[in-house]
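Asks: Chains as they are written, first to last, in our numbering: chain A, 2 to 137; chain B, 2 to 137; chain C, 2 to 137. Where a beta carbon is used, it is the ideal one built from N, C-alpha and C, also for glycine. All figures in this text were calculated on a predicted structure; none of them were measured in a lab. Starting off with a structure, shown below.
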Amino acid sequence: MSDLVSKVSPDEMAVGIDIESCQTLPASADPWSDSFYRENFTAAEIAYCVRQADPRLAFCGLWSAKEAAFKCGGKIAKLAPREIEIVHEPGGQPRLRLPNESAQAAFGDYQVSISHSTGMAIAVCVKRSQTILVPP
Amino acid sequence: MSDLVSKVSPDEMAVGIDIESCQTLPASADPWSDSFYRENFTAAEIAYCVRQADPRLAFCGLWSAKEAAFKCGGKIAKLAPREIEIVHEPGGQPRLRLPNESAQAAFGDYQVSISHSTGMAIAVCVKRSQTILVPP
Amino acid sequence: MSDLVSKVSPDEMAVGIDIESCQTLPASADPWSDSFYRENFTAAEIAYCVRQADPRLAFCGLWSAKEAAFKCGGKIAKLAPREIEIVHEPGGQPRLRLPNESAQAAFGDYQVSISHSTGMAIAVCVKRSQTILVPP
């Protein structure tokens, strides 16, 4: 062990998990005009969810992902739900996006995953640790 | 690739997940005097759970977190449930605490997260990998 | 910060989660002769599941683990379910195995965990990040 070239001081890795019943979210024929959805989801998120076969279940998944991100603690836990945007890659994979690049750099890097079953959604969020090297 | 200054030998990262129905845990009017709760939870955990709106659901969450920790395998899997204490930060975030500091150092660093829905709890536990640097 | 010996360029860490109802999988008195099970599970997986108290729930857990792996994205998402084999350590811990050693090296290292409750399974998969060191 004496020949280690340096020590490693890892930044905080963190994990959050969430399970939500769709019943948690208000039923709404038009989420675009519903105050709950307008306050908690971005326009891009609403546009994504209303395109899905079961919009309420889709919203439930995004809600679950935001909750999982909050549960990672730290700076991200102080954001409002609408400030944590869940976008989808062309292949369908969800990705967490913060309001601007400086927030993204300051908050660190988060990975999310979402899954649905009958009437419920679960999500997990992991904050990637950042390894900082210090001289021996 | 020839100009890498060193190789990296990461310690084992590990992950465990658990889902539990509250029905798994015995109903009890007084967990303080119930052998199941006394054997599997610390005094601090019992004190925390009986203060919650739904004590059995709270116990179910802690139980799920302990199970998720066991599923990470390795040394932690050999502990008794009562030796893996789940404490809560002032902000409500759960944290896994091992019996003493030397165990904490030897076992590595675990992050847990817990979520509840109607009558069930889920939890995830991630063992942080520790990067050890070796000379090239 | 000026005395850092090197920068670190981490490979992509990734996470996937999945929840499945057993109803998703076809009921079968003999999975060995059922095309769904033969197409999606290896012989070792079928042999494992039919030995369990509730074979369909066991298959549901493995299916959930494969889905969680797909959700990590990247190269592993292009495999067929049968190419992601879930084996079990002597202690019962699940482990993800790719078809051959070169795939395992190229795809990176995945950790999985599975849990069951009444009629459903959940799983999480984490792709370990690989730290590559570059000279300062």
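1) Between residue 85 (chain B) and chain A, is there a C-beta pair that is closer than 8 Å?
2) Report yes if the C-beta distance between residue 17 (chain A) and residue 69 (chain A) is below 8 Å; otherwise report no.
3) Roughly how many angstroms separate the alpha carbons of residue 87 (chain A) and residue 63 (chain C), rounded to a whole number?
4) Give the single residue among C:108, C:29, C:45 whose Cα lies nearest to the Cα of residue 89 (chain C).
5) Between the segment 14-38 of chain C and chain B, which residues of the former have a C-beta closer than 7 Å to a C-beta of the latter?
6) Report yes if the C-beta of residue 60 (chain B) is less than 7 Å from at least one heavy atom of the ligand MG; otherwise report no.
7) Is there a C-beta anywhere in chain A that falls below 8 Å from the one on residue 113 (chain C)?
8) Could you tell me the boundaries of the beta strand (DSSP E) in which residue 124 (chain C) lies?
9) Locate the beta strand (DSSP E) running through residue 97 (chain A), then write down its first and last residues.
10) Helix, strand or coil, according to DSSP, for residue 30 (chain A) in the structure here?
11) Return the CA-CA distance between residue 9 (chain B) and residue 129 (chain C), expressed in angstroms with no decimal places.
12) Exposed or buried, what is residue 92 (chain B) when buried is set at 16 or more other beta-carbons lying within 10 Å of its beta-carbon?
13) Answer yes or no: does any C-beta atom of chain A fall closer than 8 Å to that of residue 123 (chain C)?
14) Nearest CA to the CA of residue 33 (chain C): which residue from C:101, C:52, C:13, C:21?
15) Just checking: is the beta-carbon of residue 67 (chain B) within a distance shorter than 8 Å of some beta-carbon in chain C?
16) By a C-beta neighbour count over all protein chains shown, 10 Å radius and 16 as the cutoff for buried, is residue 101 (chain B) buried or exposed?
17) Using the three-state DSSP reduction, which class does residue 77 (chain B) fall into: helix, strand or coil?
18) Can you find at least 3 beta carbon pairs, one from the segment 98-118 of chain B and one from the segment 97-115 of chain A, that sit closer than 8 Å?
19) Does the beta-carbon distance from residue 61 (chain C) to residue 21 (chain C) come in below 8 Å?
20) Please state whether the Cβ-Cβ distance between residue 83 (chain A) and residue 37 (chain A) is less than 8 Å.
21) Does any residue of chain C have a CB that is nearer than 8 Å to the CB of residue 94 (chain A)?
22) For the beta strand (DSSP E) containing residue 47 (chain A), list its first residue and its last residue.
23) Residue 68 (chain C) by DSSP, collapsed to three states: which one?
24) Using a beta-carbon distance below 8 Å, is residue 116 (chain C) in contact with chain B?
25) Could you give the distance in angstroms between the alpha-carbon of residue 1 (chain A) and the alpha-carbon of residue 76 (chain A)?
26) For residue 88 (chain B), which residues in chain A fall below 7 Å Cβ to Cβ?
27) From the DSSP output, in three-state form, read off residue 62 (chain A) for me.
28) Tell me, please, whether the CB atom of residue 5 (chain C) is closer than 8 Å to any CB atom in chain B?
29) Could you check how far apart the C-beta atoms of residue 23 (chain A) and residue 120 (chain A) are, in whole angstroms? I think they sit under 8 Å.
30) Determine, for residue 51 (chain C), whether the minimum Cβ-Cβ distance to residues of chain B falls below 8 Å.
31) Please report the residue range of the alpha helix (DSSP H) in which residue 40 (chain C) lies.
Replies: Let me spell this out:
1) Not a single C-beta of chain A is nearer than 8 Å to the C-beta of residue 85 (chain B).
2) For residue 17 (chain A) and residue 69 (chain A), yes; Cβs fall inside 8 Å.
3) Straight-line Cα distance between these residues: approximately 28 Å.
4) Nearest option by C-alpha distance: C:45.
5) The segment 14-38 of chain C vs chain B, Cβ under 7 Å: nothing.
6) The ligand MG is absent from the structure shown, which contains no ligand whatsoever.
7) So, not an interface residue.
8) Here the beta strand (DSSP E) through residue 124 (chain C) covers 121-128.
9) Note, residue 97 (chain A): beta strand (DSSP E), 95-98.
10) Correct three-state label for residue 30 (chain A): coil.
11) Reliability of the predicted coordinates at residue 9 (chain B) is poor, the pLDDT of 45 falling under 50, and no value is obtained from them.
12) Exposed is the call here.
13) Interface with chain A (8 Å Cβ-Cβ cutoff): residue 123 (chain C) is included.
14) Ranking C:101, C:52, C:13, C:21 by Cα distance to residue 33 (chain C) puts C:52 first.
15) Not an interface residue.
16) So residue 101 (chain B) ends up on the exposed side.
17) Residue state, collapsed to three classes: helix.
18) Cβ pair count under 8 Å is below three, so no.
19) Yes, they are a contact pair.
20) Taking 8 Å as the Cβ cut-off, residue 83 (chain A) and residue 37 (chain A) do not qualify as a contacting pair.
21) Yes, residue 94 (chain A) counts as interfacial toward chain C.
22) Premise fails: residue 47 (chain A) lies in the alpha helix (DSSP H), 44-52, not in any beta strand (DSSP E).
23) In the structure shown, residue 68 (chain C) sits in a helix (DSSP, three-state: H, G or I).
24) At least one chain B Cβ lies under 8 Å of residue 116 (chain C).
25) Because chain A in this structure spans residues 2 to 137, residue 1 (chain A) falls outside the shown range and cannot be described.
26) For residue 88 (chain B), none of the residues of chain A pass the 7 Å Cβ criterion, the least Cβ distance being about 14 Å.
27) The three-state reading of DSSP puts residue 62 (chain A) in helix, counting H, G and I together.
28) Residue placement at residue 5 (chain C) is poorly supported in this model, since its pLDDT is 36, which falls under 50; the coordinates still yield a value, given next. Not an interface residue.
29) Going by Cβ atoms, the distance from residue 23 (chain A) to residue 120 (chain A) rounds to 5 Å, so yes, they are a contact pair.
30) By this cut-off, residue 51 (chain C) is not an interface position.
31) Counted as a single uninterrupted DSSP element, the alpha helix (DSSP H) harbouring residue 40 (chain C) occupies residues 36-41.
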